[in-house]
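Student: If you use our numbering, the sequence shown corresponds to residues 24 to 246, in order.
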Amino acid sequence: MSSKTFPSLDSERRIFERGNRFVIGIDEVGRGAIAGPVAVGVSLIDKTNPALEAWPEKLQDSKLMTPKSRSEIASPLIEWVSSYAVGFSSNKEIDELGISEALRLAAGSALDELFKDAKTRKRIAEDGAVILLDGSQNWLGKVSYGLDVQVQVKADTNCVSVAAAAVLAKVTRDSLMQELDTQNPGYGLAGHKGYASAAHIAALRALGPTDIHRVTWLTRILA
24 MSSKTFPSLD SERRIFERGN RFVIGIDEVG RGAIAGPVAV GVSLIDKTNP
74 ALEAWPEKLQ DSKLMTPKSR SEIASPLIEW VSSYAVGFSS NKEIDELGIS
124 EALRLAAGSA LDELFKDAKT RKRIAEDGAV ILLDGSQNWL GKVSYGLDVQ
174 VQVKADTNCV SVAAAAVLAK VTRDSLMQEL DTQNPGYGLA GHKGYASAAH
224 IAALRALGPT DIHRVTWLTR ILA
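1. Expressed to the nearest angstrom, what Euclidean distance is found between the alpha-carbon atoms of Leu128 and Ile224?
2. Return the residue from the list Phe45, Asp50 and Ala58 that minimises the CA-CA distance to Ala213.
3. Rounded C-beta distance between Ala186 and Tyr107? I'm assuming under 8 Å.
4. Helix, strand or coil, according to DSSP, for Ala178 in the structure here?
5. Is the Cβ-Cβ distance between Leu156 and Val172 less than 8 Å?
6. Reducing DSSP to helix, strand and coil, say where Val153 ends up.
7. Output yes or no for whether 8 Å exceeds the beta carbon distance between Glu35 and Val52.
8. DSSP beta-bridge partners for Leu67?
9. Looking only at C-alpha atoms, which of Ser85, Pro79 and Arg37 sits nearest to Lys193?
10. Three or more C-beta pairs closer than 8 Å, one from the stretch 62 to 76 and one from the stretch 129 to 149: is that the case here?
11. Are there 16 or more other CB atoms within 10 angstroms of the CB of Ser25, so buried, or fewer, so exposed?
12. Return the CA-CA distance between Ala130 and Leu230, expressed in angstroms with no decimal places.
13. Roughly how many whole angstroms lie between the Cα atoms of Glu149 and Val176?
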């Protein structure tokens, strides 16, 4: 497998070598869409997992995978990670708060879900964890539960924990967008998942926005 397209545990191992038992990979999906929520996925990776080196071999950056391949890999990923969660911020929250704060809100929801388990909280407190965050800036702010945050460009491409978080978040969000498609026919949401495809823009101009569109993002499109 080419290291250029498939992730590794290199970054996670360096975190483990510093005395931490856990890595929490975090990535967002749906940030650039004009309809539907933004989602943030978190995946918990445990150094002591006997199957640590046996993550699903077809795992890639979620953007490089087809919807079918992401769906097929979701269940094996859920079995491989120690825990995972997906948090959402709605289109209305994005309009009201802005995308940066909405991302923090979604990440906070996902981390709250992860830390809801008392055993997980206890193990992280005793054995150490670092958050591995895709991107160039730490946008988590106060929702990081006081953990160190390591920011890495292209972590969704290069780091197994982050790629896993992204795939699980995307599969979860895609499923939601399919449900929203049945509630809002005519926009093709099941296909483009809320992104600004030509067909989506044409439908917006013909039908107008729905309750799930990010209206503050539509000014130029509907001008």
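Glycine included, every Cβ here is placed at the ideal spot set by N, Cα and C.
Tutor: Answer, in terms of the structure:
1. Their Cα atoms are separated by approximately 28 Å.
2. When only C-alpha atoms are compared, the closest one is Ala58.
3. Rounded to the nearest angstrom, the Cβ distance from Ala186 to Tyr107 is 12 Å, too far for a contact under 8 Å.
4. In the structure shown, Ala178 sits in a helix (DSSP, three-state: H, G or I).
5. The Cβ-Cβ distance between Leu156 and Val172 falls below 8 Å.
6. It is a strand residue.
7. Going by C-beta atoms, Glu35 is not nearer than 8 Å to Val52.
8. Leu67 is bridged by DSSP to Ile47 and Ser106.
9. Taking only the C-alpha atoms, the option nearest Lys193 is Ser85.
10. As far as the Cβ criterion goes, the stretch 62 to 76 touches the stretch 129 to 149, which means the pair count is three or higher.
11. Because Ser25 sits at a pLDDT of 43, beneath the cut-off of 50, its placement in the model cannot be relied upon, and the following sentence gives the value as read from the coordinates. It counts as exposed.
12. Cα to Cα, Ala130 sits roughly 33 Å from Leu230.
13. Approximately 29 Å, taken between the alpha carbons.
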